[in-house]
Amino acid sequence: MALGFFKSVRGQAGQAQADVPAPAPCDARPERTAVLSDIEELGVGMFWATDADDRLTFLSQRALDDLGQDGESLIGKPITQTFRDIDNEPGAATQRSLSFKLKARSKLEEQIVAFEGGRGTTRWWRLNGRPLLDANGEFLGYRGSAVDISGQYFYETQIARQSQVDELTGLANRRKLNERLTATLAAFRASKRSCALMMLDLDRFKQVNDTMGHPAGDELLKQVAQRLTAIVKDRGEVGRLGGDEFQILLPDMDDRGILSELANRIVQSVSQPYQVSGRRAIIGTSVGIAIAPYDGIDTDELTSAADMALYSAKGTNGGTFCFFTTELRDEASRTAVLGDRLRD
10 MALGFFKSVR
20 GQAGQAQADV
30 PAPAPCDARP
40 ERTAVLSDIE
50 ELGVGMFWAT
60 DADDRLTFLS
70 QRALDDLGQD
80 GESLIGKPIT
90 QTFRDIDNEP
100 GAATQRSLSF
110 KLKARSKLEE
120 QIVAFEGGRG
130 TTRWWRLNGR
140 PLLDANGEFL
150 GYRGSAVDIS
160 GQYFYETQIA
170 RQSQVDELTG
180 LANRRKLNER
190 LTATLAAFRA
200 SKRSCALMML
210 DLDRFKQVND
220 TMGHPAGDEL
230 LKQVAQRLTA
240 IVKDRGEVGR
250 LGGDEFQILL
260 PDMDDRGILS
270 ELANRIVQSV
280 SQPYQVSGRR
290 AIIGTSVGIA
300 IAPYDGIDTD
310 ELTSAADMAL
320 YSAKGTNGGT
330 FCFFTTELRD
340 EASRTAVLGD
350 RLRD
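In this note's numbering, the protein residues as written are 10 to 353.
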């Protein structure tokens with residue numbers, strides 16, 4: 010397929026840019042084809058084009074090689090069927106979706122997309138492109154370039170994932186939970202929406218660690234994480250704060266009846282026996298519940314309220330749940346004052 014529709018190509022390695030194409034004399038096409046092929050061989054980039062319906066009309070040879078497919082299987086298909094957005098990937102950069110930009114006829118700048126390469130592997134490209142208009146201003150399609158950034162992108166997303174995910178359980182870690190809670194409360198405050206926070210602490214977990222060893226304790230934590238995730242599902246986000254402490258964020262939840270039912274299910278599920286290292290282990294859990302905006306309007310206030318509720322639940326020998334009340338805060342204040350006086 011001819012490459013002569015490109016007017017010129019300029020850029021540096023990793024930053025290939027395609028200028029708006031212009032019709033070229035037929036006898037100039039072979040030379041331009043050779044020029045673009047030479048540019049591709051230098052590793053500067055790859056080239057692509059679509060029609061007015063966003064269907065692929067051209068992919069340069071290096072692009073086809075990188076995609077691991079032949080032109081016949083891709084030409085004529087919508088570009089959004091070949092490439093997908095990265096919004097749901099760990100550490101993904103915030104960007105408008107490819108389909109949104111195509112519909113808006115916006116210029117594509119550093120647009121990161123993913124596709125399934127050969128042998129089931131995922132690869133990532135950085136797309137640059139611009140809409141092509143005819144003399145009457147009618148949209149004809151896109152012309153653009155691409156750079157394969159798979160190695161760099163995979164490394165960056167892995168680093169981002171490690172900073173947000175608990176390595177042992179695969180749940181959100183303390184940092185991610187705090188960021189998510191802060192963002193949720195800030196967004197909900199203006200619209201006066203509610204949000205519940207559950208703090209969990211495992212009962213008798215130390216006994217498992219002491220009698221069966223830390224590897225058994227780690228396996229137990231993994232199983233607890235699986236049970237919590239199975240109960241909460243898509244109603245909220247489960248995370249591990251560290252040790253045997255877990256946290257559950259439940260957006261748009263303030264119904265104490267529903268929260269009580271959920272907390273009770275959690276207590277019952279976590280209390281069921283576990284098979285760990287070929288042995289039977291039994292633990293329990295205590296749950297503290299706080300609801301924004303009633304019990305706190307920012308991360309520190311709501312977390313503190315949930316912690317006080319958890320402390321109250323554990324004070325009844327565990328295996329139960331407790332909602333935050335103002336009485337708990339008053340009691341905590343009195344205890345703190347008494348402690349200060351004793352130290353004096």
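Where a beta carbon is used, it is the ideal one built from N, C-alpha and C, also for glycine.
For clarity, every value in this text was computed on a predicted model and none was experimentally measured.
Taking the C-alpha atoms as reference points, what is the distance between residue i and residue j?
{"i": "ALA31", "j": "GLY129", "result": "With a pLDDT of only 48 at ALA31, under 50, the local geometry of the prediction cannot be trusted, and the value read off the model is given with reservation. Rounded to whole angstroms, ALA31 to GLY129 spans 37 Å at the Cα level."}
{"i": "GLY54", "j": "GLN78", "result": "18 Å"}
{"i": "SER204", "j": "ASP307", "result": "Contrary to the premise, residue 204 reads as Cys rather than Ser in this sequence. Rounded to the nearest angstrom, the two C-alpha atoms are 11 Å apart."}
{"i": "PHE5", "j": "GLY146", "result": "No answer is possible for residue 5: it lies beyond the span of the chain, which begins at 10 and ends at 353."}
{"i": "ARG93", "j": "SER159", "result": "14 Å"}
{"i": "VAL122", "j": "GLY266", "result": "44 Å"}
{"i": "ILE168", "j": "LEU177", "result": "16 Å"}
{"i": "ASP263", "j": "SER69", "result": "55 Å"}
{"i": "PHE332", "j": "ALA299", "result": "6 Å"}
{"i": "GLY20", "j": "ARG184", "result": "Note that GLY20 has pLDDT 35, beneath the 50 cutoff, so the model's placement of it is unreliable and the number below is only indicative. C-alpha separation (whole angstroms): 39 Å."}
{"i": "LEU258", "j": "ALA199", "result": "19 Å"}
{"i": "GLY150", "j": "THR166", "result": "32 Å"}
{"i": "GLY245", "j": "ASP74", "result": "42 Å"}
{"i": "ALA195", "j": "SER286", "result": "44 Å"}
{"i": "ASP63", "j": "ILE95", "result": "19 Å"}
{"i": "TYR162", "j": "ASP309", "result": "34 Å"}
{"i": "LYS215", "j": "GLN284", "result": "16 Å"}
{"i": "ARG132", "j": "TYR320", "result": "48 Å"}
{"i": "THR91", "j": "ARG135", "result": "14 Å"}
{"i": "THR238", "j": "ASP261", "result": "18 Å"}
{"i": "ARG213", "j": "VAL247", "result": "21 Å"}
{"i": "ASN218", "j": "PRO224", "result": "8 Å"}
{"i": "THR191", "j": "PHE197", "result": "10 Å"}
{"i": "PHE124", "j": "THR329", "result": "47 Å"}
{"i": "VAL276", "j": "ASP243", "result": "19 Å"}
{"i": "ALA61", "j": "ARG170", "result": "38 Å"}
{"i": "ARG202", "j": "PHE67", "result": "49 Å"}
Nearest to residue i by CA position, among the options, is which residue?
{"i": "SER269", "options": "THR308, ALA301, MET207", "result": "MET207"}
{"i": "ARG71", "options": "GLY146, GLY150, GLY80, HIS223", "result": "GLY80"}
{"i": "PRO83", "options": "THR59, ARG105, ASP94, ARG288", "result": "The residue you asked about is not Pro; residue 83 is Leu in the sequence shown. Nearest option by C-alpha distance: THR59."}
{"i": "THR335", "options": "THR329, GLY324, LEU311, ASN326", "result": "LEU311"}
{"i": "ASP339", "options": "MET317, PHE214, THR89", "result": "MET317"}
{"i": "ALA234", "options": "PHE109, ALA301, ARG152, ASP175", "result": "ASP175"}
{"i": "SER172", "options": "ASP157, GLU188, PRO224", "result": "GLU188"}
{"i": "ARG236", "options": "VAL279, GLY251, ARG202, THR166", "result": "VAL279"}
{"i": "LEU211", "options": "GLY179, LEU229, LEU194", "result": "LEU229"}
{"i": "GLN256", "options": "LEU186, ALA225, THR166", "result": "LEU186"}
{"i": "LEU209", "options": "ASP304, PRO260, GLU254", "result": "GLU254"}
{"i": "ALA155", "options": "ALA144, GLU125, TYR162, GLN120", "result": "GLN120"}
{"i": "ARG274", "options": "TYR283, ARG288, GLY252, ILE240", "result": "ILE240"}
{"i": "LEU111", "options": "PHE124, THR89, GLY126, SER313", "result": "THR89"}
{"i": "GLN232", "options": "GLY179, THR66, ALA192", "result": "GLY179"}
{"i": "GLY126", "options": "ARG170, ALA144, LEU107, LEU76", "result": "LEU76"}
{"i": "GLY305", "options": "VAL247, ASN218, THR193", "result": "THR193"}
{"i": "LEU65", "options": "ARG152, PHE124, PHE148", "result": "ARG152"}
{"i": "GLY222", "options": "ALA144, PHE67, ARG288, ALA272", "result": "ARG288"}
How should residue i be labelled, buried or exposed, when 16 other C-beta atoms within 10 angstroms of its C-beta is the threshold for buried?
{"i": "ALA181", "result": "buried"}
{"i": "ALA290", "result": "buried"}
{"i": "LYS86", "result": "exposed"}
{"i": "GLN281", "result": "exposed"}
{"i": "TYR164", "result": "exposed"}
{"i": "TYR303", "result": "exposed"}
{"i": "THR220", "result": "exposed"}
{"i": "GLY226", "result": "buried"}
{"i": "LEU337", "result": "buried"}
{"i": "ARG249", "result": "buried"}
{"i": "PHE109", "result": "exposed"}
{"i": "ARG105", "result": "exposed"}
{"i": "ASP157", "result": "buried"}
{"i": "GLY252", "result": "exposed"}
{"i": "ALA301", "result": "buried"}
{"i": "ALA272", "result": "buried"}
{"i": "ALA314", "result": "buried"}
{"i": "PHE148", "result": "exposed"}
Next on the checklist: Counting beta carbon pairs with one atom in the segment 132 to 146 and one in the segment 115 to 122, are three or more of them shorter than 8 Å?
Outcome noted: yes
Checklist entry - Does the segment 320 to 335 come close enough to the segment 295 to 302 to have 3 or more Cβ pairs within less than 8 Å? => result yes
Item to check | Minimum length 3: unbroken beta strand (DSSP E) runs contained in the segment 133 to 189 | outcome: 148 to 157
Item to check | Inside the segment 67 to 121 only - alpha helix (DSSP H) runs reaching at least 4 residues | outcome: 70 to 76, 80 to 83, 88 to 91, 107 to 113
Checklist entry - Where are the beta strand (DSSP E) runs, 3 residues long or more, that stay fully inside the segment 224 to 292, in chain order? => result 246 to 251, 254 to 260, 283 to 285, 288 to 290
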